[in-house]
Amino acid sequence: MTVYSFIAQLLAVLIAVAGAPLLTGWINQCRAWLQNKSAPPLLLPYHTLHKLFWKESVVAEGASPLFRAAPYVIFGAMVLACGIVPSLSTDLPLAAAADAIALVGLFALARVFISLAAMDIGTAFGTLGARREMLVGFLAEPALLMVLFTAAFITQSTSLANIVETISGQEFAIYPSLAFAGVAFAMVSLAENARVPVDNPATHLELTMIHEAMILEYSGRHLALIEWAASLKLFAYSSIGLAIFFPWGIAQVHEPVGMLLALPVLVAKLAVGGAALALIETLSAKMRIFRVPEFLAGAFLLAVIGILVHFLLGA
Amino acid sequence: MTAPTDWLAIDWMLAAIASWIAIGAAGVVRPHNFFIVARVLFPLGALLALLVAATAGLALFGGTETAVLPLGLPGLPFHLRLDALSAFFLLLLGSASAGISVFAAGYFRQGEGTPPGVLCLLYHLFLAAMAMVMLADDAYVFMVMWELMALASFFLVTANHTIPAIRRAGYLYLLIAHIGALAILLCFGVLQANTGDYTFDNMRAQSLTPFWASVAFLLAFFGFGAKAGFLPTHIWLPEAHPAAPSPVSALMSGVMLKTAIYGLLRIGFEILPTQLAWWGVLALAVGLATALFGVVFAAIQTDMKRLLAYSSIENIGLLAVGIGLALLFTGYGMPALAALALTAVLYHALNHAFFKSLLFLGTGAVLHATGERNLGKLGGLLRYMPWVGWLALVGTLAAAGLPPLNGFVSEWLLLQSFLFTLGLPGTFVNNLVPVVAAGVALVAALGGYVMVKFFGVIFLGQPREPRLASSHDAARWERVGLVWLAAGCVALGLLPAQVISLIDPVTRVLVRDGIGPQVASQGWLFLAPVSAERASYSPLLFLLLVAASFALSFLLVRRLYHGKLRRAAPWDCGYPLLNARMQDTAEGFGQPIRQVFEPFFRIDRHLPSPFDRQPSYRMEASDHFWHWLYLPVAHATEAVSRVVGRLQQGRISTYLMYSFVTLLVMLLLVFR
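Protein sequence lines, in the order shown, are assigned to chains A and B. With this note's numbering, letter number 119 in the first sequence gets 576, and the count goes up by one each step, no holes. With this note's numbering, letter number 493 in the second sequence gets 899, and the count goes up by one each step, no holes.
What follows is the structure, encoded as structure tokens:
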């Protein structure tokens, strides 16, 4: 651990925190283009955050301290998640604090807190959203874990930095197991980030929402933190996907020059990934809520098949 | 008797156990004197529990000690032995029951069923019997104490015996406990291999053929499984645990189930000299089925204590999965990996003792404050019972397996040990193990669902009944007990390296290998069970980072913007007539699980017809095992006893006739 690795770590966190709303804005823009709408400005998420932070927070009368603390916990959890996923460099001192399994635990922590906060006021929509969020979560979480396990079996490590180093360090090869895992991961990411076919980030029709239903009672800075955390989560998921399936371009340990190259590569990869996400969202329709378990069970099975393929073919 | 300074750990242990019995006896002297029993005897019992825990903690590193007590039958003294395995489970017993006893000091009230003094006797006998089970070194004392444990807990379960449902639960518990005890007895019979010597030392010396070793293992697996709640003998657990007073529920779920795990480890790993890999496959399959079954049923429960009891079945299933993995690794001659899996098992046993006791005691406090066990009539209690609520939140997060609390560490270790299956020979196990790992991941995630339901429905939202607004918080003694257990959850979560140094001697007894040195070499901050490159986790750093970003964002928002806050009525999309009945109920929260996992349940639905004057909806989800296994057996038993019952005429002349005919047949047989 050197000064350099601390700078790399700090840079990774700062770029994630500062850049995550940009990714959200880019996806919204792409989606609007694909849907023949006039696109909102790229920087609109920043304006929204700024506006929300200025507004006063209106908190329901019966709310407990849990309700007020939850946005900060969720935001903190997502910042840490972005800190341990190698997006620019694998030289992350924080990565030793939490490996891939702990990362899944971190997402679970955020999910449990937002669900509990949604139940805190005792509104019909809040509890409905919490129930649905947990429904999505109980299948998405093991599926994500199995995707990460596939990579862990290939690289014999659950440390994300080591996974990236091993996969990118090897000769270019197509792993059949990773192909299965990749499809599963894409499905899980859609569900976990409240995207169309599972949830609709643009909807305000209460009965179909999951994420929006849970945060109905939030306003002002609390809402801003939750929205920011949601973009951070999208950023973290994108970084996980890029790190495992397209690890090329991420700077290795003791390679300060690589960092300079890694940033434009990351931006390019995220731009392509965001456009692909917008395309998926445009091409698919939202599912009924009870089709979601089937969708996610499909993802879970694909991930398990990925592991079995790895064992059977040894690749 | 020697001076106390010369006492060995086992002497201290026996002294503590004897004092527990003395405390129990003191309770019956003045059974109705509430002050003496609750405020003096139970706290004393808690102090003794601390002594047991401290002695056990020292004994972990002190090597094996044995003692022979001249009790019992002539020629059959009590053989006792305190090795690392016993010491670890005694540590678990002492540390968890210290909190439970303090809580009980404030919990047992006057005028509730059995007099407090009698409860005090049974409670401390229960503790002493569990401790003696862990010290036993021959089958005789083991079985005597095992039975004493079952009986003491039976009477505790039926403390409120005026309620028929509780009597029924107690009967079911007693029945299955004895079926299990018979299997354990037969297992000892196999293990002594016709030598007639029932000491464990003799059993260790026997080398059984693989067939007889397998028979012994299967008997032990079934017998201890009946106590632990493995499928299909789990049926008593959701009946008996909720029926007992809450401190007893906590003791049964948190500690008594672990005696079964202790017995399984003792026989499976320590007494049986070799392990076969297929035992591991069996334990993996049964464990995963148990865990999945438990968690799915927990998700649909509407009674808070039943929910926790099913969650205990889930956790016991996870322990069985870990044991299965360890058996698989030892069966293929990989002790280092078996040590990793066993570390996860022992760690999880300790964690479960803490968080499940905490949650059961929390429900006890809620029950006292509201008189209500039904989740459908609770809600919003975090406002009225902040101590219980916030401490239960710690237990909830721990039970949900969330970092940085303790439940996560053991799940992490268990998942880590699954990642080594590449080394296993054979395609079958190679493919089986990842599938089980996927199952464990699913169970862990569902565990989160259950815990969100548990905490959210009881403590969050609006009170579903108006009278809940007058609920009082836990009293001083109860708070101390809850804080102790919650602190245990936090400490076990944050200091995994230290906890593993306690577990290391145990795995050395069981599989002659341990991960302690490797973990210690990584320093106290990081947990890296195999190597730092492979996987590492630092809960302390994890907590620090989340807390730092919490604090930083909190301060920055206030510095750059403002901290204005206004209280208003809930928004709820502008709907003004919001009331507590509009919240999700416990049934509602469990409904997705009921739908997704429908084949697990036997659902009995009564839907109202359009013409009903008073439409009613009733839905009951019950257990397939009950209908397909237990009821047929019960019906067959009843049919047989009806046939046998025809012999009973109630007339003395008929009975004399039976005796006479029997005598004649005997004489004919003898003098033929």
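Every residue, glycine too, gets a C-beta built ideally from N, C-alpha and C. Owing to the predicted nature of the structure, the values given are computational and were not obtained by experimental measurement.
Buried or exposed (CB count within 10 angstroms, at least 16 for buried), residue i
i         : result
A/Glu751  : exposed
A/Trp483  : buried
B/Leu734  : buried
B/Thr408  : At B/Thr408, the pLDDT of 47 sits below 50, so the modelled position is not reliable and the matter cannot be decided from this model.
B/Pro1021 : exposed
B/Ser1059 : exposed
B/Met536  : buried
B/Glu720  : buried
B/Trp890  : buried
A/Leu601  : buried
CB contact check: residue i to chain B, cutoff 9 Å
i        : result
A/Val621 : no
A/Gln613 : yes
A/Tyr529 : yes
A/Ile578 : yes
A/Ser572 : yes
A/Asp548 : no
A/Ala559 : yes
A/Asp656 : no
A/Gly781 : Any property of residue 781 of chain A remains undetermined from this structure, which presents chain A solely from 458 to 772.
A/Phe757 : yes
A/Ala651 : no
A/Gly813 : The shown model of chain A, from 458 to 772, leaves out residue 813 of chain A, and the question about it has no answer.
A/Gly562 : yes
A/Val640 : no
Chain A within 9 Å of residue i, Cβ atoms only
i         : result
B/Gln989  : yes
B/Pro998  : yes
B/Tyr943  : yes
B/Leu984  : yes
B/Met1025 : no
B/Met407  : Summary for B/Met407: the model assigns pLDDT 45, below 50, so the residue's position carries little reliability; its value from the coordinates is reported in the next sentence. Output row for B/Met407: interface = no.
B/Val1002 : yes
B/Ala926  : no
B/Asn836  : yes
B/Phe861  : yes
When the options are compared against residue i, the one with the closest alpha-carbon
i        : options                                : result
B/Leu731 : B/Arg789, B/Ala571, B/Phe948, B/Leu682 : B/Leu682
B/Gly602 : B/Gly481, B/Gly669, B/Leu671           : B/Gly481
B/Ala455 : B/Ala957, B/Ser492, B/Gly505, B/Asp417 : B/Gly505
B/Leu797 : B/Gly807, B/Gly723, B/Gly768           : B/Gly768
B/Leu873 : B/Leu787, B/Arg914, B/Arg918           : It is worth fixing the name first, because residue 873 of chain B is Arg in this sequence and not Leu. Here the closest residue by C-alpha is B/Leu787.
A/Val724 : A/Val460, A/Ile472, A/Tyr632           : A/Ile472
A/Val749 : A/Asp656, A/Trp511, A/Ala559           : A/Asp656
B/Leu848 : A/Pro599, A/Ala700, A/Ala686           : A/Pro599
B/Ala575 : B/Val508, B/Asp543, B/Ile641           : B/Ile641
A/Lys743 : A/Pro522, A/Ile464, A/Leu647           : A/Leu647
B/Val846 : B/Pro911, B/Gly801, B/Leu725, B/Glu778 : B/Leu725
A/Lys726 : A/Ile701, A/Thr739, A/Gln709           : A/Ile701
Quick check: the segment 757-769 of chain B against the segment 498-505 of chain B, are at least 3 beta-carbon pairs closer than 8 Å? yes
So, does the segment 798-814 of chain B touch the segment 655-675 of chain B, judging by three or more C-beta pairs under 8 Å? no
Output needed in chain order: residues of the segment 838-854 of chain B with a Cβ under 8 Å from some Cβ in chain A. Pro840, Val841, Ala843, Ala844, Ala847, Leu848, Ala850, Ala851, Leu852, Gly854
Tell me which residues of the segment 957-970 of chain B have at least one Cβ-Cβ distance to chain A shorter than 7 Å, keeping chain order. Ser959, Phe960, Val963, Tyr967, Lys970
Return the residues of the segment 893-915 of chain B that lie within a Cβ-Cβ distance of less than 7 Å from chain A, sorted by chain order. Going along the segment 893-915 of chain B in chain order, one finds no residue with a Cβ nearer than 7 Å to chain A.
Compile a chain-ordered list of the residues in the segment 502-521 of chain A whose CB is closer than 7 Å to at least one CB of chain B. Phe510, Trp511, Glu513, Ser514, Val515, Val516, Ala517, Glu518, Gly519, Ser521
Return the residues of the segment 737-751 of chain A that lie within a Cβ-Cβ distance of less than 7 Å from chain B, sorted by chain order. Listed in sequence order: Phe747, Pro750.
Residues in the segment 605-616 of chain B with C-beta within 9 Å of chain A's C-beta atoms, listed in sequence order? none
Interface residues of the segment 580-592 of chain A facing chain B [CB-CB below 7 Å]: Thr580, Ala581, Phe582, Thr584, Leu585, Ala587, Arg588, Met591, Leu592
Can we say the segment 597-611 of chain B touches the segment 637-657 of chain B, given the rule of at least three CB pairs closer than 8 Å? no
Using 8 Å as the cut-off, can you tell me whether the segment 527-540 of chain A makes contact with the segment 958-970 of chain B, which would need three or more C-beta pairs spanning the two stretches below that distance? Contact holds: three or more Cβ-Cβ distances are below 8 Å.
What residues in the segment 784-803 of chain B bring their beta carbon closer than 9 Å to a beta carbon of chain A? Gly785, Gly786, Leu788, Arg789, Pro792, Gly795, Trp796, Leu799, Thr802, Leu803
To be precise: take each residue of the segment 809-821 of chain B, compare its Cβ to all Cβ atoms of chain A, and keep it if any distance is under 7 Å. Which residues remain? Pro809, Phe814, Trp818, Leu821
Between the segment 979-998 of chain B and the segment 581-589 of chain A, do at least 3 Cβ pairs fall closer than 8 Å? yes
Can you confirm whether the segment 542-550 of chain B touches the segment 587-602 of chain B when touching is taken to mean that 3 or more C-beta pairs between the two stretches lie within less than 8 Å? The segment 587-602 of chain B is in contact with the segment 542-550 of chain B.
Using 8 Å as the threshold, is the segment 738-750 of chain B in touch with the segment 817-824 of chain B, meaning 3 or more CB pairs across them? With a cut-off of 8 Å on Cβ pairs, the segment 738-750 of chain B is in contact with the segment 817-824 of chain B, counting three or more such pairs.
Check whether the segment 525-532 of chain B touches the segment 459-479 of chain B, counting contact only when three or more Cβ pairs, one atom from each stretch, lie closer than 8 Å. no
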